[in-house]
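Residue numbers (my numbering), protein chains in the order written: chain H, 709 to 996; chain S, 427 to 1164.
Shown next, in structure tokens, is the structure this report addresses.
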Amino acid sequence: MRAYLPDYNLRAPRSLADALDLMAREPGVWRAFAGGTDLMVLLEFGALQHKNFLSIRHLPELRGIEITPEHVTLGALTTYTHIQRDADVRREFPLLGAAGRETGGIAIQNRGTLGGNVVNASPAADSPPALLVYDAQLELVSASGARWIDYRNFHTGYKQMDMRPDELLRRIRLPRATGDLKTYYRKVGTRKAQAISKICFAAGARLASDGRIKDARLGLGSVAPTVLRCARTEDVLRDRTPDEATIKAACAMLVEEIAPIDDMRSTAQYRARVAANLLADFLVNLKK
Amino acid sequence: MARYIGKEMSRVDGVAKVTGRAKYAAEFRAPNLAYGFIVLGTMAKGRIREIDTREAERAPGVVRVFTHLNAPKLGPKASTEYAPPRNTREQDKSFRALQSDRIYFNMQPVALVVAETYEQARYAARLVRVSYDTERHTTDTEAVRGSARAPSQGSPPKPRGNPEAAMKAAPVRVEAEYRIPVEHHNSMEPHAAVAAWEGDKLTIFDKTQDVYGVRAHLATSFGVPEENVQVVSPYVGGAFGASLRPNYYPALTAMAARELKRPIKVVYTRTQMFTGHGYRPYTIQKIALGAEASGKLTAMIHQAVHNTSAFEEFNDNTTGFTRQVYACPNLLAPTMIVATDLPTPTWMRAPGAVSGMFALECAMDELAYALKIDPLELRLINYAETDPESGRPWSSKALRECYRLGAEKFGWKDRKFEPRSMRDGRLLVGWGTATGVWGAFQRPAIARITLRPDGTAHVTSATSDIGPGTYTVMTMIAAEYLGLEIERVKFELGDTKFPRAPAQGGSQTTSSVGSAVHGAALAVGAKLLTLANQDASSPLKGATASDVEMLDGRLRLKSDPSKSVSVAGVMRLNNLSEVTETFESRPSPERQKYATMAHGAQFVEVKVDPDIGHVRVTRAIEVTACGKIINPKASHSQEIGGVVWGIGMALQEATEIDHRYGRIMNPNLQHYHVPVNADVHEVETLFVEEDDKVVNPLGVKGMGELGMVGIPAAIANAVFHATGKRVRELPITPDKLL
């Protein structure tokens, strides 16, 4: 049943500094409310435990897409619609556009943010596998400063993150020069749209002139307590040609590396099998 | 020239719907309205030990909290004899809220909190504390199927011939078991009621398919005469069977309104809808088919078991149509029921038929592969030229033409027989077919027409329009036979102040109510003829009612349209400000000499991704023969909707129950999946019209349910053809294909 609204506080700080100041003074009391597309679902089911929120949607410091020779930097409030519409992002980071298209419906895409998708920390989220493949970095800010961390180290357990209660996610930075990265994105749900993933698979790789895999990157969702960059499987692939033996070895390692569960959406067995099938499909198509 | 039948007509209520002028149950207001919010229990079986409402009562705005301790007892329930299809049912024992401390199912209502605002009621509902004495429950039909029994009402269908012996002797046999999970209707509009008493007179705005059924139910519940109860339900945002029987909330709402002496509104949440009405039962079907090597069926044994509740019998008649689909001399087809601690199931679009035909038509496909005969050919070999059950001729049956046309449009002749033999790149392609059947039911119905000299008409009948376009088709029929422009005719429904009509279910509304409107229009013409012929100089002198027709404001001889009188003139001459006729149509005795059914053929293409087991229905062609098509536009919409639902049933829909707690796990549209637009590709619906004046004067048969009946089987058969894997358990989710 829907929660009782008067139980909740929602404040709209004037600026990012004000927001961080409040979070520093009362650490753990205030949490960010951006698009609200995850939080409102919990509210509707009466399952939103936290009571005090800071509305950050209007803060310009968290918005915008900035392009430098080295990086494309996305404000945490960048929506799924923004990443689909921005021509530069679309061209250089096609996995992000694909993830944006596959997330929710149009209304959710207009409102839901990339930053929210990251800090909501759902293992079934659709953009984090893409961010993992692009070696994204996160900028966490607080009243006492800012720090950059690699996204692949951000999630530390189910719904656990390397993020202090007084910190906000400000920006997501993607290294450029992804031009020759061959990419692959598949979201698998019970239906073609508006379904939470049974499994989400994002991948990228470069082939050297001798046909060997130089730079394999695998980001998976819904196969472990967190979204997962599958480093051990990447190790298997490194410097090998994507032939049958390699594919077999990589798939075997992937099944070992992930830790899927049975739930209402799917079974562990299906997830392991499909993860391997999608990896094989990715690798077979790499040669083409 | 006003001629409408058979022509495409947009919905007459379309503008009202898209502009919000059409009012649905929850949108009605009343002065001094208070709001009720239902509190659901949290265990599956036992008794309420204690219920503490003190905190809830102290919450802001709360007027009263009703529980079984303070809610008045309702009177005995009337039998809902109007609920189609005409299954025999035991005396009504349907669930009513707050009548005892007994818990029959999880998420059963245990309290109703009434407050000044909806939000206050919803908040206080969270403060009601309930403790229970729990008993062991059973919600898993599989676990108790061994104790299935025949329904207590109605005589069990007799076997035909000697099915067991014939099965033993059959040169080719297939036998398999099929499963269908619990499914919920999930109409867009939530069920809702607004109830207001004035003395012992009740007005209730309700979402229902049967205003008269709700009226009888409330009259007996509150011990007032039926004429004291007015049920109003002008628009229904989908129901699909979920509002055929009175659910528990109208009596609950009216009870609160009576006790508090003020109008009350109660609206189900989406979650409450999952136990607030019935559902398609969990169904296990065992089918054995025996045939000669030529493909001729020699024996059919089709046994279904489905769940019902612990307090009431529901019989989905799963195997009913099996008796009439194929010519076969030996047959046994019982439907058995077994009690579970869940709410009572109910009719859900194409009840019984879509479930039974899923199993039968998959089994026919399995037989085709056992015989190495083309699946379509096998159906033609066993074509029933007369009704195999009664031996009577069909009033009409254009199924053979449906097969032919569908196969031709689809390109069936290019199908390769072997499974896994067709590809589109890396995708596996499968083509499947199945037959659809439904009845051509008709029930008594009454319509009233008032024609005025200005050439406008007011037509009423207390049917419902849950979406098929009843407003439109009744307006078309009236306009056609009154000879008026359609804009001059106003049709109203969904109110017990209008003449009695059967529930809108079983695809019988156009045949029943349409026949009444048709009859009333002819009665108006007959009356005018009598009046006209009181004038000695009438050009229609000597004509009888069947000789005349109305068109463009004139009553004229069919054989010689130049002989006519002005309708307005006749009324003026007789000092009449209007002519009103009420007509009751009834199924004709002629129908008894025939078997009456509607048929269809479905052809489906699927593409299966072998890496992930995902099935896409890329093409569906459905050809149906259901008599005369009155409004092709709405009719195609009906059949397309049926195909889409069939896709959902085949691939996605399932109400998941955690049997440890006997609780539904996915009572929301986030986790109860129905198809989205991206799941629906090419759908083509075609009609083979039948000229059938036996079924009713309009020549129409049931079509709303028919459209989905064969689809799940056709998809399952296509999936087998694509993958070589026979999935006998719906829905066919990707997990089952890897």
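Every residue, glycine too, gets a C-beta built ideally from N, C-alpha and C.
key: Interface residues of chain H facing residue 1102/S [CB-CB closer than 9 Å]   = If you number the second sequence from 1, residue 1102/S lands on position 676. Here the neighbours are 813, 899, 900, 901, 902, 903.
query = Taking DSSP as the reference, what is the three-state secondary structure of residue 1055/S?
reply = The residue you call residue 1055/S lines up with position 629 of the second sequence. It is coil, neither helix nor strand.
Under the three-state DSSP convention, the category residue 1082/S falls into = Counting from one through the second sequence, the residue named residue 1082/S turns up at place 656. Here residue 1082/S sits in coil by DSSP.
task = Could you tell me whether the Cβ atoms of residue 521/S and residue 611/S are closer together than 8 Å?
result = Along the second sequence, read from residue 1 onward, the residue named residue 521/S stands at position 95. Along the second sequence, read from residue 1 onward, the residue named residue 611/S stands at position 185. Not closer than 8 Å, so no.
request  = Report yes or no: do the region 847-856 of chain H and the region 872-880 of chain H share at least 3 C-beta pairs separated by less than 8 Å?
outcome  = yes
query = Looking only at C-alpha atoms, which of 1117/S, 1133/S, 1127/S sits nearest to residue 1111/S?
reply = By 1-based counting over the second sequence, the position of residue 1111/S is 685. It is 1133/S whose Cα lies nearest to the Cα of residue 1111/S.
request  = Label residue 436/S either buried or exposed according to how many other C-beta atoms from any shown protein chain fall within 10 Å of its C-beta, with 16 as the threshold for buried.
outcome  = Residue mapping note: residue 436/S aligns to position 10 of the second sequence, counting from 1. Result: exposed.
message = Measuring only the C-alpha atoms, how far is residue 1029/S from residue 832/S?
response = Within the second sequence, numbered from 1, the residue matching residue 1029/S stands at position 603. Within the second sequence, numbered from 1, the residue matching residue 832/S stands at position 406. So the two alpha carbons sit approximately 7 Å from each other.
inquiry  = When you compare the CB of residue 1164/S with every CB in chain H, is at least one pair closer than 8 Å?
reply    = In the second sequence, counting from the first residue as 1, residue 1164/S sits at position 738. At least one chain H Cβ lies under 8 Å of residue 1164/S.
key: Given 8 Å, three or more beta-carbon pairs between the region 782-799 of chain H and the region 863-870 of chain H   = no
request  = Using beta-carbon positions only, say whether residue 637/S and residue 546/S come within less than 8 Å of one another.
outcome  = In the second sequence, residue 637/S corresponds to position 211, counting from 1. In the second sequence, residue 546/S corresponds to position 120, counting from 1. For residue 637/S and residue 546/S, no; Cβs fall outside 8 Å.
task = Tell whether a beta-carbon distance below 8 Å holds between residue 674/S and residue 523/S.
result = In the second sequence, counting from the first residue as 1, residue 674/S sits at position 248. In the second sequence, counting from the first residue as 1, residue 523/S sits at position 97. Closer than 8 Å, so yes.
key: beta-carbon residue 918/H near the ligand HEM non-hydrogen atom, thresh 7 Å   = Ligands in the displayed structure: none, and consequently the ligand HEM is not present.
task = Tell me whether residue 857/H sits in a helix, a strand or coil according to DSSP, three-state version.
result = Here the question's residue 857/H lines up with position 149 in the first sequence. Strand, per DSSP.
ask   = Does the Cβ-Cβ distance between residue 660/S and residue 449/S come in under 8 Å?
value = The sequence position of residue 660/S within the second sequence is 234, counting from 1. The sequence position of residue 449/S within the second sequence is 23, counting from 1. In this structure, residue 449/S lies closer than 8 Å to residue 660/S by Cβ.
task = Could you tell me whether the region 594-602 of chain S touches the region 775-794 of chain S, using the rule of 3 or more Cβ pairs below 8 Å?
result = yes
message = Which residue wins for smallest C-alpha separation from residue 596/S, given the options 720/S, 810/S, 733/S, 1096/S?
response = Taking the second sequence and counting its residues from 1, the one referred to as residue 596/S is at position 170. Nearest of 720/S, 810/S, 733/S, 1096/S to residue 596/S, Cα basis: 720/S.
task = Return no unless some Cβ of chain H is closer than 8 Å to the Cβ of residue 1092/S.
result = Here residue 1092/S refers to the residue found at position 666 of the second sequence. By this cut-off, residue 1092/S is an interface position.
inquiry  = If we define contact as Cβ-Cβ less than 8 Å, is residue 551/S a contact residue for chain C?
reply    = Absent from the structure is chain C; the protein chains it does hold are H and S.
message = Tell me which residue opens and which closes the alpha helix (DSSP H) that residue 1143/S is part of.
response = Position 717 of the second sequence, counting from 1, holds the residue named residue 1143/S. Where residue 1143/S is concerned, the enclosing alpha helix (DSSP H) stretches over 1137-1149.
task = Between the Cα of residue 930/H and those of 756/H, 977/H, 886/H, spot the shortest distance and give me the residue it belongs to.
result = For the purposes of this step, residue 930/H is taken as the residue at position 222 of the first sequence. Checked all of 756/H, 977/H, 886/H; the closest Cα to residue 930/H is 977/H.
task = With 7 Å as the limit, tell me which residues of the region 960-983 of chain H have their beta carbon closer than that to any beta carbon of chain S; keep them in chain order.
result = 972, 974, 975, 978, 981, 982
query = Beta-carbon separation of residue 946/S and residue 873/S under 8 Å?
reply = Translated into the one-based positions of the second sequence, residue 946/S becomes position 520. Translated into the one-based positions of the second sequence, residue 873/S becomes position 447. Yes, these two residues count as a Cβ contact at 8 Å.
ask   = Listed in chain order, which residues of the region 1070-1083 of chain S have Cβ atoms closer than 7 Å to some Cβ of chain H?
value = 1078, 1082
request  = Could you have a look at residue 1092/S and say whether DSSP puts it in helix, strand or coil?
outcome  = As a position in the second sequence, residue 1092/S is number 666, starting the count at 1. Of the three classes helix, strand and coil, the one that applies to residue 1092/S here is coil, per DSSP.
ask   = Does the beta-carbon distance from residue 969/S to residue 955/S come in below 8 Å?
value = As a first step, residue 969/S is located in the second sequence; it is residue number 543 there, counting from the start. As a first step, residue 955/S is located in the second sequence; it is residue number 529 there, counting from the start. Yes.
message = Measuring only the C-alpha atoms, how far is residue 442/S from residue 753/S?
response = The residue you call residue 442/S lines up with position 16 of the second sequence. The residue you call residue 753/S lines up with position 327 of the second sequence. Answer to the nearest angstrom: the Cα atoms are 48 Å apart.
query = Where residue 458/S and residue 777/S are concerned, what is the direct C-alpha to C-alpha distance, given to the nearest angstrom?
reply = Position 32 of the second sequence, counted from the first residue, corresponds to residue 458/S. Position 351 of the second sequence, counted from the first residue, corresponds to residue 777/S. Those two C-alpha atoms are separated by around 41 Å.
Bounding residues of the alpha helix (DSSP H) (the contiguous stretch that carries residue 643/S) = Here the question's residue 643/S lines up with position 217 in the second sequence. Looking at the DSSP string, the run of the alpha helix (DSSP H) that includes residue 643/S is 637-648.
key: Assigned secondary structure, residue 512/S (DSSP; H/G/I helix, E/B strand, else coil)   = Taking the first residue of the second sequence as 1, we reach residue 512/S at position 86. Residue placement at residue 512/S cannot be trusted, given a pLDDT of 41 that sits under 50; what the coordinates show is reported in the next sentence. In this structure, residue 512/S counts as coil in the three-state DSSP scheme.
inquiry  = What ranges does the alpha helix (DSSP H) occupy inside the region 763-794 of chain H, keeping only unbroken runs of at least 4 residues that lie completely in it?
reply    = 788-793
query = Under the DSSP definition of a beta bridge, which residues are partnered with residue 872/S?
reply = Against the second sequence, residue 872/S aligns to sequence position 446. According to DSSP, residue 872/S bridges with 1010/S.
Residue from 1038/S, 1055/S, 1034/S with nearest C-alpha to residue 1045/S = In the second sequence, the residue the question calls residue 1045/S occupies position 619. Checked all of 1038/S, 1055/S, 1034/S; the closest Cα to residue 1045/S is 1034/S.
task = Go through its chain and collect everything with a Cβ distance to residue 506/S's Cβ below 6 Å, but skip five positions before and after it.
result = What you label residue 506/S is simply residue 80 of the second sequence in a count that begins at 1. Its pLDDT being 49, under 50, residue 506/S is placed unreliably by the model, and nothing is read from it.
message = Using the three-state DSSP reduction, which class does residue 623/S fall into: helix, strand or coil?
response = As a first step, residue 623/S is located in the second sequence; it is residue number 197 there, counting from the start. Residue 623/S: strand per DSSP, three-state reduction.
message = Checking the sheet assignment: what are the DSSP bridge partners for residue 883/H?
response = Residue mapping note: residue 883/H aligns to position 175 of the first sequence, counting from 1. Note: residue 883/H sits in a beta bridge opposite 779/H.
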